[in-house]
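With UniProt numbering, the residue at position 196 of the sequence shown is 196, and numbering never jumps.
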Amino acid sequence: MSETTEKKEQNFEEVTEQNVEVNDSVETINEASTANESLDTELKEETLLENEYQSKIAELETKLAEEENRFLRLRADFDNLRRRTQLDREAAEKYRAQSLLSDLLPVIDNFERALQVEVTSEDATSLYKGIEMVYKSLIEATKKEGLELIPAEGEVFDPTIHQAVMQEKDDSKDSGIILRELQKGYKLKDRVIRPSMVSVNE
Numbered sequence: 001m002s003e004t005t006e007k008k009e010q011n012f013e014e015v016t017e018q019n020v021e022v023n024d025s026v027e028t029i030n031e032a033s034t035a036n037e038s039l040d041t042e043l044k045e046e047t048l049l050e051n052e053y054q055s056k057i058a059e060l061e062t063k064l065a066e067e068e069n070r071f072l073r074l075r076a077d078f079d080n081l082r083r084r085t086q087l088d089r090e091a092a093e094k095y096r097a098q099s100l101l102s103d104l105l106p107v108i109d110n111f112e113r114a115l116q117v118e119v120t121s122e123d124a125t126s127l128y129k130g131i132e133m134v135y136k137s138l139i140e141a142t143k144k145e146g147l148e149l150i151p152a153e154g155e156v157f158d159p160t161i162h163q164a165v166m167q168e169k170d171d172s173k174d175s176g177i178i179l180r181e182l183q184k185g186y187k188l189k190d191r192v193i194r195p196s197m198v199s200v201n202e
């Protein structure tokens, strides 16, 4: 074999090896490219999933905020209702006797009118004393329930507790002073159940 032929074979082998190396490099590049494409696809999918999750999270956070607001409103409404119920219960307990006492006021008025009658005979005096005893017992019982007489004559007129039904003129007293009480007024604790009917100085 000649030296030229050996060189050609050697060159051919080198070229072949280079071709193999090039082919290997091309395959490696192709594999890397495929891997990159696969990675890109995965990244896109992950990005889409992340965006979807972010959207879901935002939606859930909005719903949570709405539910929290709704809960706070319901709690405030419940607290208000409980407070109102408590106040109503306290008022019902405090003024439980109002209806009965209002019905008893005309009875008290009649007793007072009866006690204004002058008696002369012994029988009438005994009857008078009996009526007086019943009247005093009635007044004591109503006081225990919280019934109070509204002061009137000589007081300054107060439209929250007095009802002016007439005016009179008395120069010795200031304007707005109550001159006469025409019908007694009563309060149950701090609530007026019947204002005093009065005559007021001009």
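By construction, the Cβ of each residue, glycine as well, lies at the ideal position given by its N, Cα and C atoms.
Mind checking which residues open and close the alpha helix (DSSP H) that includes residue i?
{"i": "tyrosine 128", "result": "122-144"}
{"i": "valine 107", "result": "98-115"}
Provide the residue(s) that pair with residue i in DSSP beta bridges, ordered along the chain.
{"i": "arginine 180", "result": "Ser199"}
{"i": "valine 156", "result": "Ile177"}
Determine the contact status of residue i and residue j, defining contact as a CB-CB distance below 8 Å.
{"i": "glutamate 132", "j": "leucine 115", "result": "yes"}
{"i": "glutamine 163", "j": "serine 199", "result": "no"}
{"i": "leucine 138", "j": "isoleucine 108", "result": "yes"}
{"i": "glycine 176", "j": "asparagine 201", "result": "yes"}
{"i": "alanine 97", "j": "glutamate 145", "result": "yes"}
{"i": "phenylalanine 111", "j": "tyrosine 128", "result": "no"}
{"i": "lysine 94", "j": "lysine 189", "result": "yes"}
{"i": "valine 165", "j": "methionine 197", "result": "yes"}
{"i": "threonine 125", "j": "valine 117", "result": "no"}
{"i": "glutamate 148", "j": "lysine 173", "result": "no"}
If I follow the unbroken beta strand (DSSP E) through residue i, where does it start and stop?
{"i": "isoleucine 193", "result": "191-194"}
{"i": "valine 165", "result": "162-168"}
{"i": "glutamate 148", "result": "147-149"}
{"i": "lysine 187", "result": "186-188"}
Indicate whether the contact test is met: 3 or more Cβ pairs, each with one atom in the region 97-108 and one in the region 190-202, closer than 8 Å.
yes
For the structure I just gave you, are there three or more beta carbon pairs, one from the region 172-189 and one from the region 139-158, closer than 8 Å?
yes
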